[in-house]
Amino acid sequence: MEKIINFYYDDSAKRLRALVDQVLYKLHLTHIDREDFYSLANEVFVHAIQDYDSFVPFDIFLQSCLRKRFCTELRDRTRAKRCAKRKVKEKDAFGNMVVKEKVIPDESLDAYISEEEEVTLGDRIPGGFPVEEEGYSEKMLLYLNRLSSLQRQVLRMNTEGYLPWEIKQILGISDGQYADCYAAIRSYRNVSVLF
């Protein structure tokens, strides 16, 4: 691990900064305060070193961790922009009616309703399908049974946020094999059981 740390942090963290720049470029974030993301990259690096299991090369693992964390950071930074705004009439300190803009916050479905209960907003939304013990509906189980184990791995990694080139490299498959898996995952014959 010390070798990896030295590799990324030698020469004022030159290699880590280069990797951050590369990830920001791929996310089309060229006009952004890079120092914030360099600082965030240090936090990500510490967690990546702790979570690394040598299943994939560390640089790919770190790049994936950075990408996911940067996307989360951007989502959190822009959350207020997605909030609904309403104009309401209120009395000011002098008793005059004034029009103010009230922000209705954007809530996450994973937000707890109260601190006493561990119930989220998403738990309160009724579902339209029965859930099996494993957490999948009968239709989803039927769909998954139609896929090969490789196709399921591609689907799982895709839903976890891996990029196609990462999936191909981790699973050791060619472009053609990935395209075949992706076509089977999206084929009408397989997907039609979900409707």
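Following our numbering, the numbering of the sequence shown begins with 9 at its first residue and continues without gaps. Think of the CB as a built atom: it goes at the ideal place given N, C-alpha and C, for glycine as much as any other residue.
*Out of K147, I181, L150, M148, point me to the one whose CA is closest to V162's CA.*
V162 has its Cα closest to that of I181, out of K147, I181, L150, M148.
*Beta-carbon separation of L27 and Q71 under 8 Å?*
Taking 8 Å as the Cβ cut-off, L27 and Q71 qualify as a contacting pair.
*Excluding the 5 residues preceding and the 5 following L202 in the sequence, name in chain order all residues of the same chain whose CB lies nearer than 6 Å to its CB.*
Once the five neighbours on either side are set aside, the close Cβ partners of L202 are K147, Y151.
_Residues in the same chain with beta-carbon distance under 7 Å from L24, minus the five sequence neighbours each way, listed in chain order, please._
The residues are Y16, Y17, A49, F53.
*Residue interval of the beta strand (DSSP E) (run including A92)*: Annotation for A92: the continuous beta strand (DSSP E) segment containing it runs 92–99.
*Would you kindly report the start and end of the unbroken beta strand (DSSP E) that includes M105?*
Counting along the chain, the beta strand (DSSP E) containing M105 begins and ends at 105–112.
*Beta carbon of N166, beta carbon of I178: below 8 Å?*
A distance of 8 Å or more separates the beta carbons of N166 and I178.
*Do you know how far the Cα of G169 is from the Cα of Y190?*
If you draw a straight line from the Cα of Y190 to the Cα of G169, it is about 15 Å long.
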